[in-house]
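Residue numbers (my numbering), protein chains in the order written: chain G, 347 to 784; chain D, 347 to 784.
There are 2 protein chains.
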Amino acid sequence: MKNTFALCSYLLLLVTLLGLVFSNCKANQVDNLDELINSRSSENAPKTLSWTKEDAYIPKYYHTSSIGPSPSQEEQKLADKITALPGQPYYGSNFDQYAGYVTVDPNVGRDLFYYFVESPANSSQYNPLVLWLNGVANVLFLESPAGVGFSYTQNDSQTFFPTSGDKAAAKDAYVFLVNWLDRFPEYKDREIYITGESYAGHYVPQLAYTIVVNNLFRQIANQSVINLQGIAIGNPWVDDFTGVKGLFDYLWTHALNSDQTHELIETYCDFKPHQPISSICINATRNAFAEKGPIDSYNIYAPLCHDTSLKPSQTGSVYNFDPCSDVYVQAYLNRPEVQEALHAKPTQWSHCSGDVDSRVSVTATRYALNVLKLPIVTPWYPWYSENEIGGYAVQYKGLVFATVRGAGHMVPSWQPERAFNLILAFLSGYPSPPGSPK
Amino acid sequence: MKNTFALCSYLLLLVTLLGLVFSNCKANQVDNLDELINSRSSENAPKTLSWTKEDAYIPKYYHTSSIGPSPSQEEQKLADKITALPGQPYYGSNFDQYAGYVTVDPNVGRDLFYYFVESPANSSQYNPLVLWLNGVANVLFLESPAGVGFSYTQNDSQTFFPTSGDKAAAKDAYVFLVNWLDRFPEYKDREIYITGESYAGHYVPQLAYTIVVNNLFRQIANQSVINLQGIAIGNPWVDDFTGVKGLFDYLWTHALNSDQTHELIETYCDFKPHQPISSICINATRNAFAEKGPIDSYNIYAPLCHDTSLKPSQTGSVYNFDPCSDVYVQAYLNRPEVQEALHAKPTQWSHCSGDVDSRVSVTATRYALNVLKLPIVTPWYPWYSENEIGGYAVQYKGLVFATVRGAGHMVPSWQPERAFNLILAFLSGYPSPPGSPK
Chain G
347 MKNTFALCSY LLLLVTLLGL VFSNCKANQV DNLDELINSR SSENAPKTLS WTKEDAYIPK
407 YYHTSSIGPS PSQEEQKLAD KITALPGQPY YGSNFDQYAG YVTVDPNVGR DLFYYFVESP
467 ANSSQYNPLV LWLNGVANVL FLESPAGVGF SYTQNDSQTF FPTSGDKAAA KDAYVFLVNW
527 LDRFPEYKDR EIYITGESYA GHYVPQLAYT IVVNNLFRQI ANQSVINLQG IAIGNPWVDD
587 FTGVKGLFDY LWTHALNSDQ THELIETYCD FKPHQPISSI CINATRNAFA EKGPIDSYNI
647 YAPLCHDTSL KPSQTGSVYN FDPCSDVYVQ AYLNRPEVQE ALHAKPTQWS HCSGDVDSRV
707 SVTATRYALN VLKLPIVTPW YPWYSENEIG GYAVQYKGLV FATVRGAGHM VPSWQPERAF
767 NLILAFLSGY PSPPGSPK
Chain D
347 MKNTFALCSY LLLLVTLLGL VFSNCKANQV DNLDELINSR SSENAPKTLS WTKEDAYIPK
407 YYHTSSIGPS PSQEEQKLAD KITALPGQPY YGSNFDQYAG YVTVDPNVGR DLFYYFVESP
467 ANSSQYNPLV LWLNGVANVL FLESPAGVGF SYTQNDSQTF FPTSGDKAAA KDAYVFLVNW
527 LDRFPEYKDR EIYITGESYA GHYVPQLAYT IVVNNLFRQI ANQSVINLQG IAIGNPWVDD
587 FTGVKGLFDY LWTHALNSDQ THELIETYCD FKPHQPISSI CINATRNAFA EKGPIDSYNI
647 YAPLCHDTSL KPSQTGSVYN FDPCSDVYVQ AYLNRPEVQE ALHAKPTQWS HCSGDVDSRV
707 SVTATRYALN VLKLPIVTPW YPWYSENEIG GYAVQYKGLV FATVRGAGHM VPSWQPERAF
767 NLILAFLSGY PSPPGSPK
């Protein structure tokens, strides 16, 4: 399928039933939501809705190979290969891993960090490439924008924050991808899928649009293009109005808020952009967060992390999800020998990306979908995974909405089989796992 | 607290966050709901809302001891004692169990079956008595009305169905209780709590009202009264309007129904009693059940029972809830030696009580509570159990509404610690487990 793309023919929204989501920063939630709500009444409210082709077109960028006296792509790729990660089982793994940096702007020293997991050696050389934004088949994990995780920019003023710099973040990710494909040329013609979750509800479609626009220009110039096949976003933050309204409706309908607080929000908050917000509304939203108390917003039914010490009984199996795993991950990624093995520059790695810090509910996603008014191809139906209803799906024209039943925000952690079967269907071009009895 | 009662000072509604509930019959749900909806538009719609003192007053009933040549109460109690249940661990249990029949109408041969678990021998002789209706501290499980479980009536036309015979069921339960207390006289002055779930939303308050009314008459006549202290109902079916509306709102807000079906229900169903129901509404409610597909309505996130054979790896621990446990229970209770050990007449025991077969959601309970317009004493707050939020509570004047976070219908099966701490608080007179940090 070289030189063709079918963007939007399988736009798969993976949203969870349970997971209230807020980006990937666990900072104070009330403050961040206030900030978000207030930001929309300020004069500098982010405007990310309108993109022109000119916004997305990148006429010129530095190929990594064209930057001064640097090693060849082949040498760089070899250097990126991970020999072994500290703590990895001694018998190794049956797949190759790479990690390192791709420069997106040598002038200000902006490099994006990636982690790449290749399919097992004996699997097909035609397996597609999946790019995962926002955090973690052949899966290429990209920490984006610069300033997030191990990705950095030497010039601080050039740090790109998502609320002000969605377009810059998309351009950086595009340049990263072109340069990364130079380093891994065997993937240049491979089918590529772009995925992500939470604020990637912005990143993913914006990067896809950037690819589509640049592909158009490059086709005219008879240049090679990126073989983009589809995008998938999970629990996506799509827009502020549906996101915030959906969040508070979710809290009430899941019995986490009182009738009184919900009624105040219904009456006094309209969540429309650029409207002044009443103090009654602000107080009511504060109450909404206070009332639900300290629960895991990623999975409202999950236990909290009370004891961060590693227990000997822990198997580490994904089937026994440990609510403290975030803490272990953060500790692990900050060990110097781990950073060295990953070819990352020594830094303080943290879960917090500092961007839009609020939760994304299935309710919000449905409100956002309704705004699109897409024609329905296949109405609401349950899809199956291992004999159980794995979730529900609606096939719209050019887009599939799918839920994962009983999953928190980190879908593969809570429902590994359902997540695997759903992503497999997505990569195979099915709207949902095939063969589901109806 | 002899000769006093404080009914309604601790009316505790235990409702789950997750459990869609329908009575205790797992028959075809769509048919039953249709039946319920249609029944309200018929001329013979059940009228259970108005009770007068005359309805509840029972001037004369047969004491078991006054029925012909029967064994003495002491002899009957001894006969009811369960020596051992088949499959019970060989070292026995540290508590006593009794089971048997109490006659409520010797003329038509109507006997109610009970199963009674006494607190461990070394615990206080002042431990209260808890009566559990609808199925299973000192806990007295009563299968009511006659025709349910092992309870029976010899005259079939005298079988009391709940939709037509709520008052008769309450009178039978009252007569049962008086006669049972004759058989277990050490409990006559003990504090008594009446509990139950699902359709017990009718049974429990109606029995409580019957007790209160008869206590009043008996106090005037200087006779002993039943020491009723409080009632608790879990996932109660309170009334049709809030129950059915709450059910469909729950299905939609928990992403089990499509937007389209929900909108049809919102527009074309008003669920008001004695209104003709449009065919659009009936079709839409059919769709609502079809769309959610075959999931466990008792816990929408739980697995289904696929393999009913007992696996050797099963520990039987309540912490590893087995979705097939209903099947084992049914098989166990139909073993002749078990029926014999329980002093039950040989019969085909089944989960199905044949009464109102629809689910009760937390949404429905809140709608029902709002109808009461009770003043709030303590507004919405989280209550704690073992360091986690166990659920939320609102203390109204004379009534507490409490949720159990992450529990399905059978609350103790899914959240044993939370259920235990909540019922302990209820019996201690607290609105929720004390010492919860706020």
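The beta-carbon is built from N, C-alpha and C at its ideal position, and this holds for glycine as well.
> List, in order along the chain, the chain D residues whose C-beta lies closer than 7 Å to that of Ala601/G?
Replying inline: Leu363, Val708, Tyr738, Thr749
>> Using beta carbons (cut-off 8 Å, strictly below), is Ala771/D in contact with chain G?
In response: no
> Leu656/G to Pro640/G, Cα distance in whole Å?
Replying inline: 22 Å
> Name the DSSP beta bridge partners of Arg456/G, please?
Replying inline: Asp451/G, Thr499/G
> For Val494/G, does the three-state DSSP call read helix, strand or coil?
Replying inline: coil
>> Any beta carbon of chain D sitting closer than 8 Å to that of Gly495/G?
In response: no
>> Closer than 8 Å is the cut-off here; do at least three beta carbon pairs connect the region 613 to 621 of chain G with the region 732 to 745 of chain G?
In response: no
> In the structure shown, what three-state DSSP assignment does Tyr713/D receive?
Replying inline: helix
> What residues from chain C crowd round Ser731/G, counting only those whose CB sits closer than 8 Å?
Replying inline: You won't find chain C in this structure, because its protein chains are G and D.
> In chain D, which residues lie less than 7 Å from Asn716/G when you measure between Cβ atoms?
Replying inline: Asp605
> Quick one, which of Tyr614/D, Val708/D, Gly455/D, Val757/D has its alpha-carbon nearest Ser604/G's?
Replying inline: Val708/D
> Within the 8 Å Cβ cut-off, does His608/D reach chain G?
Replying inline: no
> Does any residue of chain D bring its CB to less than 8 Å from the CB of Ile735/G?
Replying inline: yes
>> Please classify Phe772/G as buried or exposed, where buried requires at least 16 neighbouring CB atoms within 10 angstroms.
In response: buried
>> If distances are taken between C-alpha atoms only, which option among Thr398/G, Ile428/G, Lys399/G comes closest to Glu686/G?
In response: Ile428/G
>> Could you compute how far the alpha carbon of Tyr461/G sits from the alpha carbon of Ala425/G?
In response: 13 Å
>> Quick check on Leu523/G: does DSSP put it in helix, strand or coil?
In response: helix
>> Taking 8 Å as the threshold (C-beta atoms), are Leu553/G and Ile540/G in contact?
In response: yes
>> When you compare the CB positions of Ile628/D and Leu610/D, do they come within less than 8 Å of one another, or not?
In response: no
>> Using the Cβ count rule (16 or more neighbours within 10 Å means buried), how would you classify Val717/D?
In response: exposed
> Distance, Cα to Cα, Lys591/D vs Ala630/D?
Replying inline: 13 Å
> Just checking my contact of Trp397/G with Tyr555/G at CB under 8 Å: how many whole Å lie between their CB atoms?
Replying inline: 6 Å
> Which residues mark the beginning and the end of the beta strand (DSSP E) in which Gln694/D is found?
Replying inline: Gln694/D -> no beta strand (DSSP E), and no H or E assigned at all.
> What are the boundary residues of the beta strand (DSSP E) that Gln741/D is part of?
Replying inline: 734 to 742
> Which residues, taken in chain order from the region 755 to 767 of chain G, show a beta carbon closer than 9 Å to some beta carbon of chain D?
Replying inline: none
> Which term fits Phe441/D, buried or exposed, when burial requires 16 or more other beta carbons within 10 angstroms of its beta carbon?
Replying inline: exposed
> Contact check, Leu475/D vs Leu488/D under 8 Å by CB: the rounded distance?
Replying inline: So it is not a contact: roughly 12 Å between Cβ atoms.
>> Among the candidates Tyr614/D, Ile557/D, Pro692/D, whose CA atom is the shortest distance from the CA of Asp518/D?
In response: Ile557/D
> Can you name the residues of chain G whose CB is closer than 7 Å to the CB of Leu574/D?
Replying inline: Residues of chain G passing the Cβ test: none, with the nearest at roughly 29 Å.
>> With a threshold of 8 Å, are at least 3 pairs of Cβ atoms found where one atom belongs to the region 542 to 551 of chain G and the other to the region 575 to 582 of chain G?
In response: yes
> In chain D, which residues lie less than 9 Å from Pro531/G when you measure between Cβ atoms?
Replying inline: Under the 9 Å cutoff, chain D gives no residues; its nearest Cβ is about 43 Å from Pro531/G.
>> Measuring alpha carbon to alpha carbon, tell me which residue in Pro432/G, Thr599/G, Lys423/G is nearest Asp595/D.
In response: Thr599/G
>> With the cut-off set at 8 Å, would you say Phe530/D and Phe496/D are in Cβ contact?
In response: no
> Thr449/D to Pro649/D, Cα distance in whole Å?
Replying inline: 41 Å
> Starting from Gln606/D and walking both ways along the alpha helix (DSSP H), at which residues does that stretch end?
Replying inline: 605 to 614
> By the 10 Å Cβ neighbour count, where 16 or more other Cβ atoms means buried, how is Ile566/G classified, buried or exposed?
Replying inline: exposed
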